[in-house]
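Chemist:
Residue numbers (my numbering): 38 to 167.
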(Lines of atoms letter the chains of each structure in order from A and count residues from 1; the text may use other names and numbers.)
(Lines give C-alpha, C1' and ligand atoms only; values in the text may rest on other atoms or scores of the structure.)
Protein backbone atom coordinates (compact mmCIF):
# COMPACT_ATOMS: atom_id res chain seq x y z
CA UNK A 1 0.00 0.00 0.00
CA UNK A 2 1.41 3.40 -0.93
CA UNK A 3 1.21 6.60 1.11
CA UNK A 4 -1.75 7.94 -0.88
CA UNK A 5 -3.80 4.82 -0.26
CA UNK A 6 -2.94 4.92 3.44
CA UNK A 7 -4.06 8.55 3.65
CA UNK A 8 -7.31 7.76 1.85
CA UNK A 9 -8.01 4.93 4.28
CA UNK A 10 -7.20 7.21 7.23
CA UNK A 11 -9.54 9.90 5.86
CA UNK A 12 -12.30 7.33 5.35
CA UNK A 13 -11.88 6.08 8.91
CA UNK A 14 -12.13 9.66 10.23
CA UNK A 15 -15.24 10.25 8.13
CA UNK A 16 -16.79 6.98 9.31
CA UNK A 17 -16.24 8.25 12.86
CA UNK A 18 -18.06 11.48 11.89
CA UNK A 19 -14.83 13.43 12.27
CA UNK A 20 -15.15 15.37 9.02
CA UNK A 21 -12.67 18.13 9.95
CA UNK A 22 -9.96 15.49 10.43
CA UNK A 23 -10.93 13.72 7.21
CA UNK A 24 -10.81 17.02 5.34
CA UNK A 25 -7.39 17.86 6.77
CA UNK A 26 -5.97 14.52 5.65
CA UNK A 27 -7.48 14.88 2.19
CA UNK A 28 -6.21 18.44 1.79
CA UNK A 29 -2.73 17.29 2.79
CA UNK A 30 -2.90 14.51 0.21
CA UNK A 31 -4.14 16.92 -2.46
CA UNK A 32 -1.25 19.30 -1.82
CA UNK A 33 1.05 16.47 -2.93
CA UNK A 34 -1.30 15.05 -5.59
CA UNK A 35 -3.67 17.79 -6.81
CA UNK A 36 -5.33 15.52 -9.38
CA UNK A 37 -6.05 12.59 -7.07
CA UNK A 38 -9.67 11.98 -8.03
CA UNK A 39 -10.40 9.65 -5.11
CA UNK A 40 -9.29 12.33 -2.65
CA UNK A 41 -11.33 14.97 -4.49
CA UNK A 42 -14.48 12.82 -4.43
CA UNK A 43 -14.05 12.17 -0.73
CA UNK A 44 -13.34 15.83 0.05
CA UNK A 45 -16.35 17.04 -1.94
CA UNK A 46 -18.57 14.51 -0.20
CA UNK A 47 -17.19 15.45 3.20
CA UNK A 48 -17.85 19.14 2.60
CA UNK A 49 -21.35 18.34 1.36
CA UNK A 50 -22.12 16.25 4.46
CA UNK A 51 -21.17 19.22 6.61
CA UNK A 52 -23.35 21.50 4.46
CA UNK A 53 -20.29 23.38 3.25
CA UNK A 54 -21.87 23.70 -0.17
CA UNK A 55 -19.61 26.41 -1.65
CA UNK A 56 -16.53 24.36 -0.77
CA UNK A 57 -18.14 21.21 -2.14
CA UNK A 58 -18.98 23.01 -5.37
CA UNK A 59 -15.37 24.11 -5.84
CA UNK A 60 -14.13 20.54 -5.38
CA UNK A 61 -16.75 19.04 -7.71
CA UNK A 62 -16.03 21.76 -10.30
CA UNK A 63 -12.41 20.62 -10.29
CA UNK A 64 -13.53 17.02 -10.80
CA UNK A 65 -15.85 18.04 -13.65
CA UNK A 66 -12.94 19.81 -15.35
CA UNK A 67 -10.79 16.70 -14.96
CA UNK A 68 -13.57 14.24 -15.87
CA UNK A 69 -16.18 16.12 -17.94
CA UNK A 70 -18.41 13.10 -18.62
CA UNK A 71 -18.33 11.64 -15.11
CA UNK A 72 -21.78 11.25 -13.59
CA UNK A 73 -20.65 11.24 -9.95
CA UNK A 74 -18.69 14.47 -10.35
CA UNK A 75 -21.57 16.11 -12.20
CA UNK A 76 -24.15 14.97 -9.66
CA UNK A 77 -21.97 16.26 -6.83
CA UNK A 78 -21.67 19.64 -8.51
CA UNK A 79 -25.39 19.77 -9.29
CA UNK A 80 -26.31 18.97 -5.68
CA UNK A 81 -23.82 21.49 -4.25
CA UNK A 82 -25.12 24.23 -6.54
CA UNK A 83 -28.79 23.40 -5.92
CA UNK A 84 -28.24 23.35 -2.16
CA UNK A 85 -26.88 26.90 -2.38
CA UNK A 86 -29.99 28.06 -4.22
CA UNK A 87 -28.05 28.35 -7.48
CA UNK A 88 -30.74 26.64 -9.48
CA UNK A 89 -29.87 28.10 -12.90
CA UNK A 90 -26.25 27.01 -12.50
CA UNK A 91 -27.40 23.56 -11.38
CA UNK A 92 -29.59 23.20 -14.47
CA UNK A 93 -26.67 24.39 -16.61
CA UNK A 94 -24.62 21.55 -15.11
CA UNK A 95 -27.23 19.03 -16.26
CA UNK A 96 -26.96 20.40 -19.80
CA UNK A 97 -23.17 20.41 -19.69
CA UNK A 98 -23.18 16.80 -18.49
CA UNK A 99 -25.49 15.64 -21.29
CA UNK A 100 -23.12 17.22 -23.82
CA UNK A 101 -20.13 15.34 -22.41
CA UNK A 102 -21.43 12.04 -21.05
CA UNK A 103 -21.03 8.68 -22.70
CA UNK A 104 -24.56 7.22 -22.47
CA UNK A 105 -23.23 3.67 -22.36
CA UNK A 106 -21.12 4.48 -19.27
CA UNK A 107 -23.35 6.92 -17.38
CA UNK A 108 -26.80 5.34 -17.46
CA UNK A 109 -27.51 5.94 -13.75
CA UNK A 110 -26.66 9.64 -13.83
CA UNK A 111 -28.60 10.12 -17.06
CA UNK A 112 -31.63 8.34 -15.59
CA UNK A 113 -31.44 10.49 -12.42
CA UNK A 114 -31.14 13.72 -14.38
CA UNK A 115 -34.08 12.72 -16.60
CA UNK A 116 -36.16 12.27 -13.42
CA UNK A 117 -35.16 15.74 -12.28
CA UNK A 118 -36.16 17.20 -15.64
CA UNK A 119 -39.50 15.36 -15.49
CA UNK A 120 -40.09 16.83 -12.01
CA UNK A 121 -39.49 20.33 -13.38
CA UNK A 122 -41.95 19.67 -16.18
CA UNK A 123 -44.56 18.18 -13.83
CA UNK A 124 -44.33 21.24 -11.60
CA UNK A 125 -44.52 23.53 -14.66
CA UNK A 126 -41.04 24.80 -13.84
CA UNK A 127 -39.42 23.72 -17.05
CA UNK A 128 -35.69 24.40 -16.92
CA UNK A 129 -34.62 27.19 -19.26
CA UNK A 130 -33.04 26.32 -22.62
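Don't be surprised by glycine CBs; every beta carbon is placed ideally from N, CA and C.
Quantities reported herein were computed from a predicted structural model and do not represent experimental measurements.
(1) Using a Cβ-Cβ cut-off of 8 Å (strictly less than) and excluding sequence neighbours within five positions of residue 120, which residues of its own chain qualify?
(2) Exposed or buried, which one is residue 109 when buried takes at least 16 other CB atoms within 10 Å?
(3) Rounding to the nearest angstrom, what Cα-Cα distance links residue 140 and residue 88 in this structure?
(4) Could you tell me how far apart the beta carbons of residue 84 and residue 61 are, in whole angstroms, since I believe they sit closer than 8 Å?
(5) How many Å lie between residue 79 and residue 73 at the Cα?
(6) Just verifying my parser: in three-state terms, what is the DSSP assignment at residue 140?
(7) Which residue comes first and which comes last in the alpha helix (DSSP H) that contains residue 93?
(8) In whole angstroms, give me the CA-to-CA distance for residue 167 and residue 59.
(9) Note down, in chain order, each residue of its chain lying with its Cβ closer than 6 Å to the Cβ of residue 44, except the 5 sequence neighbours on either side.
(10) Would you say residue 123 and residue 98 are within 8 Å of each other, going by their C-beta atoms?
(11) Going by C-alpha to C-alpha distance, which of 70, 50, 159, 144 sits closest to residue 106?
Modeler: In brief:
(1) Around residue 120: 128.
(2) Under this definition residue 109 is a buried residue.
(3) One alpha carbon belongs to residue 140, the other to residue 88, and they sit about 31 Å apart.
(4) Taking 8 Å as the upper bound for CB-CB distance, residue 84 and residue 61 are in contact here, some 5 Å apart.
(5) In a straight line, the C-alpha of residue 79 is about 11 Å away from that of residue 73.
(6) In this structure, DSSP gives residue 140 a state outside helix and strand, which the three-state scheme calls coil.
(7) From DSSP, the alpha helix (DSSP H) with residue 93 extends over 91 to 104.
(8) The predicted position of residue 167 is uncertain, since its pLDDT is 46 and thus under 50; no value can be drawn from it.
(9) If the five residues before and after residue 44 are omitted, its C-beta is found closer than 6 Å to the C-beta atoms of 63, 67, all from its own chain and listed in chain order.
(10) No.
(11) Looking at the Cα atoms, 144 is the closest of the given residues.
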